[in-house]
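When the count follows the numbering used here, it moves up by one through the sequence shown with no breaks and lands on 88 for the last residue. We put the CB at the ideal spot given by N, CA and C, even for glycine.
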Amino acid sequence: MSKHPVPKKKTPKSKIRKRYGSFKTKVLKKLSNAAKLIVCPDCGSKKVMHEVCRDCGKYRGRQVLDNKKKIDKITKIKA
């Protein structure tokens, strides 16, 4: 049976915090590059870049979705 590796000296709190801090900044950079939010020029709400605005339904200045129409789900009731 082999022995487990044991650290020779105690790791200081500053070393642990530095390690965690660099990991945190790396993850935040990846998340910020994943989905870029921009302000919609028509309505002013935030939307994902290169996608249709969910509030006004416009993409690059033209109307793509008609948000005035409400889609009602039709349900059939069997008696």
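Exposed or buried, what is residue i when buried is set at 16 or more other beta-carbons lying within 10 Å of its beta-carbon?
{"i": "K56", "result": "buried"}
{"i": "C52", "result": "exposed"}
Under a three-way DSSP split, which group does residue i fall into?
{"i": "L46", "result": "strand"}
{"i": "K18", "result": "coil"}
{"i": "R63", "result": "coil"}
{"i": "K87", "result": "coil"}
{"i": "K35", "result": "helix"}
{"i": "S11", "result": "coil"}
Where do the N-terminal and C-terminal ends of the beta strand (DSSP E) with residue i fall, by residue?
{"i": "V57", "result": "K55 to V57"}
Roughly how many angstroms separate the alpha carbons of residue i and residue j, rounded to a whole number?
{"i": "L37", "j": "S31", "result": "10 Å"}
{"i": "S41", "j": "M58", "result": "12 Å"}
{"i": "V15", "j": "K24", "result": "18 Å"}
{"i": "C62", "j": "K35", "result": "29 Å"}
{"i": "L46", "j": "R69", "result": "15 Å"}
{"i": "D64", "j": "C49", "result": "9 Å"}
So what does residue i bridge to, in DSSP terms?
{"i": "R71", "result": "Y68"}
From the beta carbon of residue i, is the nearest beta carbon of chain B less than 8 Å away?
{"i": "D64", "result": "No chain B appears in the structure shown, which is made up of a single protein chain."}
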